[in-house]
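J.:
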Amino acid sequence: MHRAISHTPLHSAANALLSQWHLIEDGQPILTASSLLMPVTRDGSPAMLKITSDPDELRGNHLMVLWDGQGAAAVMEHDQGALLLERAVSNRTLADFVYADLDDEATRKLCETAKLLHSASLLQQTDMRSLDRWFADLLELPPNSAEWIKDCARQARDLLSDPREPITLHGDLHHGNILDFGARGWRAIDPKGLYGERAADFAALFLNPDLADPQRPYAASPKRFEHRVRQVSSHAMIEPARLLRWIHAWSGLSAVWFMEEGIVPETQQAVAHLAIQALA
């Protein structure tokens with residue numbers, strides 16, 4: 018039997034699915050800005066119920082179904098805005114590797130996961146959001162924006178006018194979105210469902226794990242940044258200059274989102290500066 022939980026539209030949907038999919042709650046539900054996440058079990062196996070009405074998350078849910086466990090958490094059930102996912106075996110993320118001085122291993126695992134995701138045979142361009150639309154907030158800057166962000170916007174505009182290797186993208190591929198699934202290895206969660214140049218999917222890595230924990234700065238270290246660029250370029254087979262340009266553009270996009278929330282984008286500015294220095 019399942020236990021009824023608080024009543025909001027997402028909670029009400031969760032209650033219905035607990036019964037429909039024969040689930041038992043296995044921990045406190047988590048309500049984020051866009052989704053409800055609920056640890057559950059089914060037939061004794063741990064799983065995670067995710068329910069959302071957010072357009073970006075819905076697109077990501079669709080992509081998780083299409084991936085069918087290739088490089089991503091396996092989908093056990095799905096229905097409109099709901100996913101039942103296999104649950105990670107621990108709370109570890111790749112950020113834990115970084116803080117344990119194992120950044121090389123974290124970067125390698127991220128690149129291996131990206132390779133699995135990017136090699137999936139998906140012909141779903143029309144169901145995904147183009148990078149041109151994803152970058153709209155950066156491309157439509159107000160005139161009084163800081164010069165460094167305007168530079169990022171110019172970079173993005175140039176890259177988007179000359180796309181290479183267009184594929185389906187995760188869209189938010191960083192340390193916190195790759196979890197430990199035991200024997201199945203490290204797998205991705207929480208995609209945004211984008212379509213565009215493959216190199217763009219590696220840019221978020223270079224801002225993290227600092228964006229999630231700014232009190233433990235790592236990504237903005239010049240030596241670490243340079244080493245990561247070499248490593249990702251080698252593992253992912255991406256031209257270093259092209260990778261640096263995407264890092265520069267993505268830093269600006271992330272900065273715009275932070276400023277919309279009233280947060281000073283210190284990490285983004287620092288990483289954008291490192292990318293421009295490396296391109297000089």
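Note that our numbering has the sequence shown beginning at 18, numbered continuously upward. From the three backbone atoms N, C-alpha and C, an ideal C-beta is built for every residue, glycine too.
1) Sorted by chain position, which residues of the same chain lie with C-beta nearer than 8 Å to L296's C-beta, five sequence neighbours on each side aside?
2) Note down, one range per segment and in chain order, each alpha helix (DSSP H) of at least 4 residues found wholly within the stretch 127–158.
3) Does DSSP put K67 in a helix, in a strand, or in coil?
4) So D144 and H187 are supposed to be a Cβ contact under 8 Å. How far apart are they, rounded?
5) Do the stretch 162–177 and the stretch 272–290 meet, that is, are 3 or more Cβ pairs less than 8 Å apart?
6) Are the stretch 65–73 and the stretch 91–108 touching by the rule of at least three beta carbon pairs closer than 8 Å?
7) Taking the alpha carbon of L148 as the point to measure from, which residue in A30, L211, A236 has its own alpha carbon closest?
8) Considering only their Cβ atoms, is the gap separating L196 from T69 smaller than 9 Å?
9) In the DSSP assignment, what residue or residues form a beta bridge with H95?
10) Are three or more beta carbon pairs between the stretch 25–32 and the stretch 49–56 nearer than 8 Å?
11) Would you call the CB atoms of G88 and A137 closer than 9 Å?
12) So, is I255 buried or exposed, given that buried needs 16 or more other C-beta atoms within 10 angstroms?
13) Indicate whether I41 and R59 have their beta-carbon atoms separated by less than 9 Å.
14) When the distance is taken between beta carbons, is T130 closer than 9 Å to V249?
15) Would you check if the distance between the CB atom of Q294 and the CB atom of S271 is smaller than 9 Å?
16) As an exercise, report each continuous beta strand (DSSP E) stretch of at least 3 residues that is fully enclosed by the stretch 177–241, in chain order.
17) Can you tell me the Cα-Cα spacing of P26 and Q172, whole angstroms?
18) I'd like to confirm the pairing. Which residues does DSSP put opposite T110 in its beta bridges?
19) Let's test the definition: count the other Cβ atoms within 10 Å of the Cβ of H24 and tell me whether it reaches 16, buried, or not, exposed.
20) Check S62 in the structure and name its three-state DSSP category.
21) With a threshold of 6 Å on Cβ separation, who are the neighbours of L155 within its own chain once the five nearest residues in sequence on each side are excluded?
22) Taking all protein chains shown into account, decide if H191 is buried (16 or more other Cβ within 10 angstroms of its Cβ) or exposed.
23) Which whole-angstrom value describes the C-beta separation of F198 and A90, a residue pair presumed to lie in contact below a C-beta threshold of 8 Å?
24) Compute the Euclidean distance between the alpha carbons of K240 and P231, then round it to the nearest angstrom.
25) In whole angstroms, what separates the C-alpha of A205 from that of P160?
26) Can you tell me whether E278 is buried or exposed, with buried defined as 16 or more other CB within 10 angstroms of its CB?
T.: Reading off the structure:
1) A258, L261, R262, H265
2) 148–151, 153–156
3) strand
4) That belief does not hold up - the Cβ atoms of D144 and H187 are roughly 14 Å apart, past 8 Å.
5) yes
6) yes
7) Among A30, L211, A236, the Cα nearest to that of L148 is on L211.
8) Taking 9 Å as the Cβ cut-off, T69 and L196 do not qualify as a contacting pair.
9) Under DSSP, H95 takes part in a beta bridge, and its partners are L100.
10) yes
11) Result yes, Cβ atoms of G88 and A137 sit closer than 9 Å.
12) buried
13) yes
14) no
15) no
16) 183–186, 195–197, 203–205, 211–214
17) 41 Å
18) L196
19) Its pLDDT being 49, under 50, H24 is placed unreliably in this model, and the value from its coordinates should be taken loosely. Exposed: under 16 other Cβ atoms inside 10 Å.
20) strand
21) A170, A173, G269, L270, V273
22) buried
23) 7 Å
24) One alpha carbon belongs to K240, the other to P231, and they sit about 18 Å apart.
25) A direct Cα-Cα distance of roughly 37 Å separates A205 from P160.
26) exposed
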